[in-house]
Structures are given as structure tokens and as C-alpha cells.
Amino acid sequence: MEVIELQSNIALKSIDSTNVDIWSHVPKEKYPIMRTIALKIKSLFSSTYLCESSFSHMKFIKNKYRSRMTDAHLQNCIRMAVTNYPPNIEIIFSHIGQQGCKILYPRL
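In UniProt numbering, the protein residues as written are 1 to 108.
Shown next as C-alpha cells:
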């Protein structure tokens, strides 16, 4: 029933159909099912980009020189590569200071 009403809605027909964000103009109260389905389908495509981006970063990180990397370390490296979140260096150093930090130098 919502589909028929949505197709016959003159106000929604006047909106540019090439607009990707057309579902933000659809009233939530009048078309709850259609809007929910459309937003779920729309979210699938954005998560595909994140998956492909993560896979590309993983291939770069886990090359032939770093093939012995543990899964946990690889996961942390990928998370750092795909996240735009800037680290808070002061908090990191305060935690290191409490736990103590041992710097290992290579033997010459």
C-alpha cells in the first residue's frame, strides 16, 4: 500500500530523482516501511566501500616482508590505517609512564 501512495505522491515527484539523498525528503510518519527498507539498502553500499578499503590496506600491510604478523597485530594495523581518529599522545604516554616502558635496541 505504501508503494502505491509513494508513487502517486506529487510532492515527491517534483524532487530531483538523481538526488542520492531522496529518502531524507520522504516523510517518516507516512512511509515508515519504505523508508526503513531504503535506508537499509543504502547502508549496504557504504559498508562495501569500507570493506574494500580495509582489504586494500591489509594487502599493503601484510606483504611478503611482514608475512609473520599475528592476526591481532594485523587487526590493530588495519584499524589504524582506516581510521581518521587522531591519537591522543598525552594519554598514551601517561599510560606508558604508569606501566613502565622498555625500549629494546638491536644488537650490533
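From the three backbone atoms N, C-alpha and C, an ideal C-beta is built for every residue, glycine too.
Taking a cut-off of 8 angstroms on C-beta distances, the stretch 47 to 58 does not touch the stretch 66 to 73, as fewer than three cross pairs fall below it.
Contact between GLU5 and ILE33 fails: their C-beta atoms lie close to 11 angstroms from each other, not under 8 angstroms.
In the DSSP assignment, ASN76 falls within the unbroken alpha helix (DSSP H) covering 71 to 82.
For the pair ILE78 and ILE96, the CB atoms are not nearer than the 8 angstroms cut-off. In this structure TYR85 is exposed. Its beta-carbon is surrounded by fewer than 16 other beta-carbon atoms within 10 angstroms.
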